[in-house]
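>
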Amino acid sequence: MPFLQLILPIGSADPAPFEDALLAAGALFEEMTGLDRHVPIDPKPGIVPPA
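See below:
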């Protein structure tokens, strides 16, 4: 299944309006990363997060 990935560097702005706009445009999933680009949840497929 094809997909499109967008990266929005919003800095310290409130993410809620961006989330709302993406969902209104038809996004099925959203993921946020921190400044260190570490994804706090949803590891890559096949990766078991440390306990």
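For the sequence shown, counting from 1, position 15 maps to 14 in numbering that gives the first Met the number 0; every step adds exactly one. Here a beta-carbon is modelled for each residue, glycine too, at the ideal position from N, C-alpha and C.
1) Just checking: is the beta-carbon of valine 47 within a distance shorter than 9 Å of some beta-carbon in chain C?
2) Under 9 Å between the Cβ atoms of leucine 21 and leucine 5?
3) Quick test of your reading: phenylalanine 2 and isoleucine 9, contact by CB under 8 Å. State the CB separation rounded to the nearest angstrom.
4) Quick one: Cα of alanine 23 to Cα of threonine 32, how far?
For this structure:
1) No chain C is present in this structure, which holds just one protein chain.
2) Result yes, Cβ atoms of leucine 21 and leucine 5 sit closer than 9 Å.
3) So it is not a contact: roughly 21 Å between Cβ atoms.
4) In a straight line, the C-alpha of alanine 23 is about 21 Å away from that of threonine 32.
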